[in-house]
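Asks:
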């Protein structure tokens, strides 16, 4: 590398978390992307643990299904396990 010279970057991993992950997944869905374009993508959810209404549980189910379309059902996301 030399100072002032252009460099190239390859984004090969992504990490989203539950505070912004819902918006990211909705944006990707709006762009009609059926799968990620990176080698590794992870969704981390540890916020919004106090569920006083339907919004947080709905967000968590959406994120679960968005991360593994076709391999998890809503029921298995609620239980935290894989569907058969």
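Numbering (this note's numbering), first residue to last: 16 to 99.
For glycine and all other residues, C-beta sits at the position ideal for the given N, C-alpha and C.
Measuring straight from C-alpha to C-alpha, what distance separates residue 16 and residue 23?
Replies: For the purposes of this step, residue 16 is identified with residue 1 of the chain shown, where counting begins at 1. For the purposes of this step, residue 23 is identified with residue 8 of the chain shown, where counting begins at 1. Looking at the two C-alpha atoms, the distance is approximately 11 Å.
Asks: Is residue 78 buried or exposed, if buried means 16 or more other CB atoms sit within 10 Å of its CB?
Replies: If you number the chain shown from 1, residue 78 lands on position 63. Flag for residue 78 reads buried.
Asks: Determine the burial state of residue 36: buried for a count of at least 16 other Cβ atoms within 10 Å of its Cβ, exposed for fewer.
Replies: As a first step, residue 36 must be located in the chain shown, where it is residue number 21. Classification for residue 36: buried.
Asks: Alpha carbon to alpha carbon, how far is residue 21 from residue 80? Give it in angstroms, no decimals.
Replies: Locating residue 80 in the chain shown gives position 65, counting from the first residue. Locating residue 21 in the chain shown gives position 6, counting from the first residue. Each residue's Cα considered, the two are about 39 Å apart.
Asks: Determine the extent of the beta strand (DSSP E) in which residue 45 is found, giving its start and end residues.
Replies: The count along the chain shown starts at 1 and reaches residue 45 at position 30. Unbroken run through residue 45 is the alpha helix (DSSP H), 33-45; no beta strand (DSSP E).
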